[in-house]
Amino acid sequence: MAEGYTKATAWLQIHSLLNSINHILIFLVAVFFFILARSLEFKDTAMHMFMTGTGFHVLIAQAMMSHSKVNPLTRWLSHRNKSRFHAILQIVGGSMVLLGSLGKFSSKEVHFNTWHGRVGGAASFFCAASIVGGFVNYFQPKFALKVMPPSELRFRHNLFGLVTFSLGMGAIYLGYYSKFFTKYVDTDFIPGMMLITGIVYGLTIIAPVSSLLTKLKYRSKKKAEQAQ
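Quick note: the sequence shown uses the UniProt record's numbering, first residue 1, plus one each step.
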């Protein structure tokens, strides 16, 4: 029993340290995106990079960690207030992503002939769907509960959120290969940004994946009970 407690405590301490490192990296990325976009006067692709990058890499990443027990920004909040904090960040971050993507969708410039553009387009679509799904999961209207129970709503919201975040971070990662980045950012600096994005992605999904696995076990258990 003591050994199990020690392992659990050690993991919480490690997770807390990793979470703090993630916050620092996210802050540094936010500063970098802002400085780069400002140096280009927030015009055209610079604005697209700032809006979508900040939306996914900063705000939605923070939203994904909002329910973590070791998150220093939210661990003192009640579960209800954590959900509100999560919702606000998702709405603001998602809106930035959609507005930033809209400029590319409406421009005459060919954007979907690259993997960055294709994955980014998919990420934008999933982002819009995730916002709608988030409202349904938060308010749980009667029409939704007639179709599926609250536990299933939470499971699907969790899963859909992970897919959306993965697509968004994937689009950002691919964006580092774009003509925009190779033109305005030192090529020796780009691998460092790729590494940071990979680390932030890995650290951010720890809590959501853990939560998803818990929900998956509960879901499997309920299905087994119903089958009996």
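Where is the CB? At the ideal position from N, CA and C, for every residue including glycine.
Within a Cβ cutoff of 7 angstroms, which residues of the same chain sit near residue i, ignoring the five residues on either side of it in sequence?
{"i": "L167", "result": "V119, A122, A123, F126"}
{"i": "H181", "result": "According to the sequence shown, residue 181 is Phe rather than His. Only G175, I190 meet the Cβ criterion."}
{"i": "G170", "result": "V119"}
{"i": "M194", "result": "Y173, Y176"}
{"i": "K221", "result": "none"}
{"i": "A128", "result": "L98"}
{"i": "V163", "result": "F126"}
{"i": "A144", "result": "V136, L153"}
Can you list, in chain order, the residues of its chain whose CB lies under 6 angstroms from that of residue i, leaving out five sequence neighbours each side?
{"i": "L18", "result": "L203"}
{"i": "Q90", "result": "A63, G134"}
{"i": "L153", "result": "N137"}
{"i": "P208", "result": "M64, L162"}
Could you say which of the options lies nearest to residue i if we only look at CA atoms?
{"i": "F165", "options": "D186, L213, I206, M193", "result": "I206"}
{"i": "R219", "options": "N158, V163, Y184", "result": "N158"}
{"i": "V70", "options": "K82, E41, D44", "result": "K82"}
{"i": "S68", "options": "Y184, S16, K179", "result": "S16"}
{"i": "R75", "options": "S95, S20, L36, Y201", "result": "S20"}
{"i": "N113", "options": "S178, H79, K183, L36", "result": "S178"}
{"i": "A37", "options": "G192, L212, Y184", "result": "Y184"}
{"i": "residue 229", "options": "L77, I14, V132, A224", "result": "Look at the range of the chain in this structure, 1 to 228, and you will see that residue 229 is not part of it."}
Please say whether residue j and residue i have beta carbons closer to each other than 7 angstroms?
{"i": "N155", "j": "K215", "result": "Note on residue identity: the sequence assigns Phe, not Asn, to residue 155. Taking 7 angstroms as the Cβ cut-off, F155 and K215 qualify as a contacting pair."}
{"i": "H48", "j": "G100", "result": "yes"}
{"i": "L25", "j": "I196", "result": "yes"}
{"i": "G161", "j": "S210", "result": "no"}
{"i": "L40", "j": "V92", "result": "no"}
{"i": "S66", "j": "F85", "result": "yes"}
Quick one: what's got a C-beta closer than 8 angstroms to residue i's C-beta in the same chain, skipping five residues either side?
{"i": "V200", "result": "N22, L25, I26, V29, H57, A61, M169"}
{"i": "M96", "result": "M51, T52, T54, G55, L59"}
{"i": "M1", "result": "Summary for M1: the model assigns pLDDT 47, below 50, so the residue's position carries little reliability, and this model does not support an answer."}
{"i": "G198", "result": "Y173"}
{"i": "K7", "result": "none"}
key: Minimum length 4: unbroken alpha helix (DSSP H) runs contained in the stretch 34-114   = 45-53, 61-64, 79-106
ask   = Does the pairing of the stretch 133-148 with the stretch 28-35 give three or more beta-carbon distances under 8 angstroms?
value = no
message = I'd like to know if the stretch 51-62 and the stretch 87-104 are in contact, where contact means that at least 3 CB-CB pairs between them fall below 8 angstroms.
response = yes
request  = Could you name each continuous alpha helix (DSSP H) segment of 4 residues or more that falls completely within the stretch 142-208, going from the start of the chain to the end?
outcome  = 142-147, 150-175, 179-184, 190-204
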